[in-house]
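These notes are about the structure you will find just below.
Protein chains: 2
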Amino acid sequence: MIATAAAETGEGTGDQPRRGRTGRGERGGAAARRAARTGGGPGEQLTYIRRVLKPFEVLDEEGLALIEANADTVLEEIGIEFRDDAEALALWKDAGADVRGERVHFPKGLCRTLLKTAPATFTQHARNPARSVEIGGNATVFAPVYGPPFVRDLEGNRRYATIEDFRNFVKLAYMAPSIHHSGGTVCEPVDVPVNKRHLDMVFAHMRYSDKPFMGSVTAPERAEDTVAMAKILFGEEFVDNNTVVINLINANSPMVFDETMLGAAKVYARANQACIVTPFILAGAMSPVTVAGTLTQVLAEVLAGAAFTQLVRPGAPVLFGTFASSISMQSGAPTFGTPEPSLVSYGAAQLARRAGLPFRTGGSLTGSKVADAQAAYESANTLNSTVLAGTNFVLHAAGWLEGGLVSSYEKFMMDIDQLGMQQRFCQPVDLSENGQAMDAIREVGPGSHYLGCSHTQANFQTAFYRSSIADNNSYEQWAAEGEKAAHQRANQLARQWLETYQAPPLDAGIEEGLVDFIARRKESMPDAFT
Amino acid sequence: MIATAAAETGEGTGDQPRRGRTGRGERGGAAARRAARTGGGPGEQLTYIRRVLKPFEVLDEEGLALIEANADTVLEEIGIEFRDDAEALALWKDAGADVRGERVHFPKGLCRTLLKTAPATFTQHARNPARSVEIGGNATVFAPVYGPPFVRDLEGNRRYATIEDFRNFVKLAYMAPSIHHSGGTVCEPVDVPVNKRHLDMVFAHMRYSDKPFMGSVTAPERAEDTVAMAKILFGEEFVDNNTVVINLINANSPMVFDETMLGAAKVYARANQACIVTPFILAGAMSPVTVAGTLTQVLAEVLAGAAFTQLVRPGAPVLFGTFASSISMQSGAPTFGTPEPSLVSYGAAQLARRAGLPFRTGGSLTGSKVADAQAAYESANTLNSTVLAGTNFVLHAAGWLEGGLVSSYEKFMMDIDQLGMQQRFCQPVDLSENGQAMDAIREVGPGSHYLGCSHTQANFQTAFYRSSIADNNSYEQWAAEGEKAAHQRANQLARQWLETYQAPPLDAGIEEGLVDFIARRKESMPDAFT
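Just so you know, the protein sequences line up as chains A and B, in that order. For the first sequence, position 339 (counting from the first letter as 1) is numbered 327 according to this note's numbering, and the numbering increases by one without interruption. For the second sequence, position 74 (counting from the first letter as 1) is numbered 62 according to this note's numbering, and the numbering increases by one without interruption.
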């Protein structure tokens, strides 16, 4: 584990640049190292994390084998329903499953055999090749919050999200050094017709960021639109041969996949694009109240859903996803940052490694209504277990508030600071001569201090992570500056960033092609709002 | 790792009750299990944690051996100063060290040879035997904040602490289920003369709590007073043969032990009481700016200081302590919750295990001035790494604010909720038939929900940790209740607890003996305020 700069340099991945992809954004070594140690800012981008530490594990071989055997029993005896999708049922029947109505029963080993074609790791390409990410192995990728219909805006109002908010979160994610991915539904722009908003959302990711992004999953034709737009951006042949979009395919737990998700999964898998098969679990409602029971059901659902993508197209990238929460047995509300979801995440990560699939869980989750101490405790607990579990793709890594109902600007800025800390934590301990610092210890000696010694002088700029949010000044100075709490400093920072945002360059012909496509698609159908 | 209730029952430890120790507080199994899953409340006490999971580690064998070799070099070539203590120097000379002035140089292996007499684990007895704690091995003990001269009171004022505040924090720690230890200087009662306040402080721990506690270290005679009072409480013979007080012996880093700390260490080691030898490190000031350099110096200082206790009395309990922080290279202020101190804590824990000593680090540390999101992020980051490192004794586990300058009532209540979550997390995953929940999965089946199923009904009361601070209600309900942030709920809870506090019973003769002793000692000297 002798340190090298390898984990930090991230030489980029995959094939060569092509139309629509810019060469911009290659990081110089010094800027990268500086960015790695600070909250950073626009332009100082970090590559995705390459972990050097072994994941923390909560189950031993005996426990894992027990859960795997139980999941096999669930798959065989209880089965999983694939609803309102005759094609899916036919595929399963052809594959040797026992299909009774919409209920599919899986002979022991069938799902795992099918999953042998799924890659353990793959590259999701960005239009800026320096922003492409590895998904799987020892890589960890942070993506923003996904799904909230509301925002907490910078005036402190809780209101429905708009396309303007959507673009703002894409811009902030583009600027954030420790966010490696532009995400998907960073908020739900409810001011745009429901059948057309996916066009504006996908375009925002393409135009206002150069990081990799997620596609629409709310209807098969919207998934088709996503793939069509990706072909305009990346070129048709490149999209046929590479993964450029990753997509959230939630199970309808317990033990159901519905028409909508199956439809989107089929479109993406056929196009060789990635699916994240995720049981969305509020334990006690969608799964048993116990950790082992939840893990059993999660494993069964993922094995069935992920194997389905391989029936559609062997070799299509697919992730083992787990959204773990529990519910308050008093109010029925979801709870976050508590011990049980952490145990589920750790255990699911172990099961995913054994299944040979990249893993998605966690984020910066909280049930708090505001960016207060509850939000921070819960988010930090979730994020620490997410990273230490060895999670490969971390959705909701920044901006999540109120159980996922709200995208918060302030929370987003606080969370990205935490993500920077996690990225620094995942670097190897420097055991070089400079890291050992024996010269410094000799130079300073007993009873003195290291503030001015030559080793400190040579290293202080990059020695410690520098938070963009924390106030570490004296009480007196903090008081003189207005006694600001963390969320107030985050508010200021979000405003500064949005004021200074500059869009990454995009080929004018490609932009025109995207705008034309969107206009034609919008014209082709009347507005729908439900 | 098949689950049993063993980790939770904590049958108590050590010898039989004696005068001054009460039999009160033995926990019923059901109450204990309930307490283990909730924020709990007065009376529902938890035994110290017995971890079942392997600690998370950040250094491999090669890295650890390198740091150990470097520490040996520091001990031999640079040496450690033992200042203003001729007896200490004489002891080292007799033991074979190379003493030049006040600088002690240690032949390779000397410190480790001396440390062979130090116990890897020991019991610290409480006057209530059910509250006695194991220190070492897979045990983790949470103790409150130590040292702040200021408090943030329940009216929101930041002011000097008083003996009334001191008693309040002792009472809250007594009531908190997830606090296993009464701690020491829970705040500095500056309204009591500096040469007498230790008497009131030690008495407060003895009278207002029945949990184990810490002794005075600010002067050798105050350490003697602590031991004398312990003998009144526990009986002289019991104290001679058992450890009843644990004491914080800070190194004056870099590489110095001073007269005050050496004086207290000698008193306690001679009395077979426990010392926590702790380099107090703000990296960049008291140690090199690098993780490996800091670990090297920490190891050298601890080996020298801990070995010294074995010179005084072979077999006296001693801990490997590490207080890890870094400093802002802009302002010089200490920073907390950042990646580098976490890496130091993880690494130091590994070094302590290899040295065969119980380990102390971490807590719920923050530089924030108020109980806001900064405080929570930083505390959660520190606490998560503290627990996952396998720390045995966790000082500052609750109430720490503003870099240790302030004891906060609100923060205390928020932190103990987090400690409860950590304690739940450390329990084994339940892999019993009930934990596997196959009956529940069969009963519910695809497309239904688990809210009303018989397995949920049978388990819901203890299934999930129930936070005492988090608000998980709907936005609408939260708004109707006044839009309270977490610290406001914590404030209410602290007031409720202090209103309902009831002192544990104490034998009237013992109380009289303690009061008499304190009165005589106070009369024997004039008040001093500096």
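Quick reminder that beta carbons are idealized off the backbone N, C-alpha and C, glycines included. For clarity, every value in this text was computed on a predicted model and none was experimentally measured.
Flagged as an interface residue toward chain A: Leu439 (chain B), by a C-beta distance shorter than 8 Å. Think of a sphere of 8 Å around the beta carbon of Pro242 (chain A): the chain B residues whose beta carbon falls inside it are Ile429, Val432, Gly433, Pro434, Gly435, Ser436, His437, Tyr438, in chain order.
With respect to Ala361 (chain B), Ala364 (chain A) sits close: the two C-beta atoms are nearer than 8 Å. Taking 8 Å as the cut-off, the beta carbon of Ile404 (chain B) is found no closer than this to the beta carbon of Leu221 (chain B). Three or more pairs of CB atoms, one per stretch, sit closer than 8 Å, so the region 272 to 289 of chain A contacts the region 440 to 451 of chain B. Taking the C-beta atoms as reference points, Ala458 (chain A) is found no nearer than 8 Å to Thr370 (chain B). Legend: CB atoms of the region 277 to 296 of chain A lying less than 9 Å from CB atoms of chain B belong to residues Val277, Thr278, Val279, Ala280, Gly281, Thr282, Leu283, Thr284, Gln285, Ala288.
Between Glu247 (chain B) and the set B:Val121, B:Val375, B:Ala76, the nearest pair of CA atoms involves B:Ala76.
DSSP places Gly124 (chain B) inside the beta strand (DSSP E), whose first and last residues are 121 to 124. In this structure, the alpha-carbon of Leu299 (chain A) lies about 10 Å from that of Cys99 (chain A). Between Arg115 (chain A) and Asp179 (chain A), the beta carbon gap of about 27 Å keeps them out of contact (Cβ cut-off 8 Å). Taking a contact to require three or more Cβ pairs closer than 8 Å, the region 311 to 322 of chain A and the region 459 to 466 of chain B qualify as touching. For the C-beta of Val417 (chain A), the chain B residues within less than 8 Å are, from N- to C-terminus, Val46, Leu47, Gly51, Val279, Ala280, Leu331, Gly335. Following the DSSP letters along the chain, one finds Phe448 (chain A) in no beta strand (DSSP E) but inside the alpha helix (DSSP H) bounded by residues 442 to 451.
Looking at the DSSP output, Pro267 (chain A) shares a beta bridge with A:Ala239. In the three-state scheme derived from DSSP, where H, G and I count as helix and E and B as strand, Pro181 (chain B) is classed as coil. Note: Val503 (chain A) is not bridge-paired with any residue in the DSSP secondary-structure output. Under the 8 Å Cβ criterion, the region 60 to 74 of chain B counts as touching the region 291 to 306 of chain B, having at least three qualifying pairs. Here Gly251 (chain B) has Pro208 as same chain residues with Cβ atoms under 6 Å from its own Cβ, once five neighbours each way along the sequence are excluded. Interface residue (Cβ-Cβ distance to chain B less than 8 Å): Tyr453 (chain A) is classified as such. Of the other Cβ atoms in all chains shown, 16 or more fall within 10 Å of the Cβ of Asp73 (chain A); this residue is therefore buried. Close to Phe413 (chain B), with beta-carbon spacing below 8 Å, are these residues of chain A in chain order: Pro327, Ser330, Leu331.
For Pro305 (chain B), same chain residues with a beta-carbon under 6 Å away, outside a window of 5 residues either side, are Pro107, Phe110, Thr231, Ala262 in chain order. For Gly423 (chain B), the residues of chain A that pass the 8 Å Cβ criterion are Thr278, Val279, Ala280, Gly281, in the order they occur in the chain.
Using beta-carbon distances, Asp360 (chain A) counts as an interface residue toward chain B, with a partner under 8 Å. Among the residues of chain B, those whose CB is under 9 Å from the CB of His443 (chain A) are Pro276, Val277, Thr278, Gly281, following chain order. Along the length of the region 73 to 104 of chain B, whole alpha helix (DSSP H) runs at least 4 residues long occupy 74 to 83, 98 to 102, reported in chain order. Leu502 (chain B) has a beta carbon lying at 8 Å or more from every beta carbon in chain A. Take the alpha-carbon of Lys159 (chain B) and the one of Tyr196 (chain B): they are about 6 Å apart. Non-local C-beta neighbours of Leu79 (chain B) in its own chain, meaning closer than 6 Å and more than five positions away in sequence, comprise Leu299, ordered along the chain. Counting along the chain, Gly408 (chain A) sits inside no beta strand (DSSP E); it lies in the alpha helix (DSSP H) bounded by residues 397 to 413. Shown here, Ile167 (chain B) sits in coil according to DSSP, grouped into three states, outside any helix or strand.
Across the set A:Gln406, A:Asp188, A:Val205, the C-alpha of A:Gln406 shows the shortest separation from the C-alpha of Ser455 (chain A). The C-alpha of Arg301 (chain B) lies about 27 Å from the C-alpha of Arg509 (chain B). With a beta-carbon spacing of about 6 Å, Leu486 (chain B) and Asn156 (chain B) fall inside the 8 Å limit used to define contacts. Rounded to whole angstroms, the gap between the alpha carbons of Leu47 (chain A) and Ala149 (chain A) is 41 Å.
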